[in-house]
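Comments concern the structure below.
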Amino acid sequence: MVSTEPFIAVVDDETPVRIMLGRLLRLADYRVGEYACGEDFLASLDGPELPLCAIVDLHMPGLSGLEVQSRLRAAKLKVPVVFITASDDPGLDRSALDLGARGLLRKPFSSDELLEAIGTAIGPRNDAP
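Be aware that the sequence shown starts at 1, since it is given in the UniProt record's numbering, and climbs by one per residue.
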């Protein structure tokens, strides 16, 4: 049976953040893939389904969020990315947007802000009757 729930990826090295975001997104009727690092997320893209959107932490051990976005672009994978970060560095906004990010949220952000950013990133859904 094919699921009709849209698939969202959460990429963050902090387990509590992944759990919290996963719960929030499942409550909003999304299927969620949770990844502890950029490498695991990128490896998952060899599967049969690309996520409609990826929520990616900017600062992680191994590949940073910007490096993940750069590799997505290099591989020509059209996965919209919304970055999340605890940093208040204004230069991150420009770097993220230059790489094609659809948004950047600074922690702490509200559930509504996250869901709005995802909605903007994936555009209107045509799965309503």
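We put the CB at the ideal spot given by N, CA and C, even for glycine.
Endpoints, the alpha helix (DSSP H) within which residue i is located
{"i": "Arg102", "result": "Counting along the chain, Arg102 falls outside any alpha helix (DSSP H), and DSSP gives it neither H nor E."}
{"i": "Gly65", "result": "Gly65 to Ala74"}
{"i": "Asp89", "result": "No alpha helix (DSSP H) holds Asp89; DSSP gives it neither H nor E."}
Integer-rounded CB distance, given that residue j should sit under 8 Å from residue i
{"i": "Ala121", "j": "Gly100", "result": "Not really, about 11 Å apart at Cβ, beyond 8 Å."}
{"i": "Glu39", "j": "Gly22", "result": "In fact, because the Cβ distance is near 19 Å, the residues do not count as touching under 8 Å."}
{"i": "Ser111", "j": "Leu24", "result": "5 Å"}
{"i": "Ala75", "j": "Lys107", "result": "Not really, about 28 Å apart at Cβ, beyond 8 Å."}
{"i": "Ala28", "j": "Leu115", "result": "6 Å"}
Residue nearest to residue i in terms of C-alpha spacing, selected from the options
{"i": "Asp46", "options": "Glu67, Ile55, Leu72 and Pro108", "result": "Leu72"}
{"i": "Pro16", "options": "Glu5, Ile8, Arg94 and Asp57", "result": "Asp57"}
{"i": "Ala36", "options": "Val82, Leu114, Gly65 and Phe109", "result": "Gly65"}
{"i": "Phe83", "options": "Val68, Ala75, Ala28 and Lys76", "result": "Val68"}
{"i": "Asp12", "options": "Ala28, Leu42, Lys78 and Leu77", "result": "Leu42"}
{"i": "Arg18", "options": "Asp89, Val32 and Pro124", "result": "Val32"}
Residues bridged to residue i (per DSSP)
{"i": "Ala54", "result": "Ala9 and Val81"}
{"i": "Arg26", "result": "Paired residue(s): none; Arg26 is not in a bridge."}
{"i": "residue 130", "result": "Nothing can be reported for residue 130, as the shown portion of the chain is limited to 1 through 129."}
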